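This report concerns only the one structure given below.
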Amino acid sequence: MPNGPALLYDADRVWFPAWPVAAWGVVAGLAGAALLLVARRGARRSSVIVRAAGTVLAILGPAWAVVIGAGFYGEHARLRAALRARTFSTVEGIVHDRFARDGSAWLVESGRAAHWYGYAASRLAPGYHRAGPGTGGLRDGDSVRIADVDGRIARVERYPR
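Written out as structure tokens, the structure is:
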């Protein structure tokens, strides 16, 4: 059994966690194009609603894929670039789940400094995140080393107790 750290998350090893968001935009665009095609080839007078829905989907679907997908991808790419260039802050310390009064955050106590990280239930958010106390492979009292890029976690390692 190895005594080294367990790698829980590394942004450089994750391709693009928000790909379903971009994919749904593409699917919506294709559905809109199909509706427009049906409206043109269909009956003599196509339904105004079918044309309107097709137009909206054909325009907003690809726009969603490009704008939202690119935004998520850009944030994830920034974490990967910071890891590769080694331009991150290293935070080593003890995980504490019980200090936030409203239960919205967890902290890593590193010497005399406290580094707060918010809980995030979304798997689409760039970087490592936890849905709540005891989740994400970390428990209260675990020793960790974190690669922090402007408050986002690009890599997290847990050390054995």
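Counting along the sequence shown from 1, when you hit position 122 you're at 134 in our numbering, and nothing is skipped either side.
Even for Gly, the Cβ is constructed at its ideal location relative to N, Cα and C.
The structure displayed is predicted, hence computed values, not measured ones.
For residue i, does the count of other Cβ atoms within 10 angstroms reach 16, so buried, or fall short, so exposed?
i	result
ARG124	exposed
TRP118	buried
ASP114	exposed
ILE61	exposed
PRO32	exposed
ASP154	buried
When the Cα atoms are used, what is the spatial distance from residue i to residue j?
i	j	result
LEU20	ALA35	27 Å
TYR171	VAL120	13 Å
ALA40	HIS108	43 Å
GLY44	ALA77	14 Å
ILE71	TRP27	27 Å
ALA133	GLU104	24 Å
LEU49	VAL79	25 Å
ARG157	THR102	7 Å
GLY66	GLY73	10 Å
SER59	ARG135	39 Å
GLY148	VAL38	31 Å
THR99	ARG167	12 Å
Quick one: what's residue i bridged to in DSSP?
i	result
TRP128	LEU119
SER59	SER59 pairs with nothing; no bridge assigned.
SER155	ILE106, TYR171
VAL161	ARG164
Next on the checklist: Restricting to runs no shorter than 3 residues, where is the beta strand (DSSP E) found entirely within the segment 82 to 120?
Outcome noted: Unbroken beta strand (DSSP E) stretches of 3 residues or longer found wholly inside the segment 82 to 120: 101 to 108, given in chain order.
Item to check | Inter-stretch contact at 8 Å, needing at least 3 Cβ pairs: the segment 87 to 98 / the segment 125 to 142 | outcome: Of all C-beta pairs linking the segment 87 to 98 to the segment 125 to 142, three or more are shorter than 8 Å, placing the two stretches in contact.
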